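Visitor: Starting off with a structure, shown below.
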Amino acid sequence: MEKRKKERKKERKKERKKERKRKKERKKERKKERKKERKKERKKERKKELMKLVINVFLEYKHKSEEETNILKAPTRFFKESR
């Protein structure tokens, strides 16, 4: 009886230990996922900011004379294609 009781106690202890380990691993995984998501969001934000700058520059030069805009024809083509 005593022996059996001790064995069960050991088994439960091992199970709890394994469960804690699994819980810790899941926590690490969730942390990694959140980190990846934040990285993606920051990348999207940077891209948006860059596009805003490109649009602003494009609009600034659009108002200038035709001679000055001849220099910028390549970037404007790129801008139209990227849409």
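In terms of UniProt numbering, the sequence shown has 81 at position 81, counting the first letter as 1, and numbering is strictly consecutive.
All C-beta atoms, glycine included, are put in the ideal place defined by N, C-alpha and C.
What you are looking at is a predicted structure, and each value in this text was computed from that prediction instead of being measured.
1) Go to methionine 1, then tell me how far its alpha helix (DSSP H) extends in each direction, as first and last residue.
2) Measuring only the C-alpha atoms, how far is lysine 5 from lysine 39?
3) How many angstroms separate the CA atom of lysine 23 from the CA atom of glutamate 7?
Guide: Here's the rundown:
1) Numbered from its first residue, the sequence shown carries residue 1 at position 1. That residue, methionine 1, is in no alpha helix (DSSP H); it is neither H nor E in DSSP.
2) Your numbering for residue 5 matches position 5 in the sequence shown. Your numbering for residue 39 matches position 39 in the sequence shown. Taking the straight line from one Cα to the other gives about 51 Å.
3) Reading the sequence shown from its first residue, position 23 is the one you call residue 23. Reading the sequence shown from its first residue, position 7 is the one you call residue 7. Between lysine 23 and glutamate 7, the C-alpha separation is close to 24 Å.
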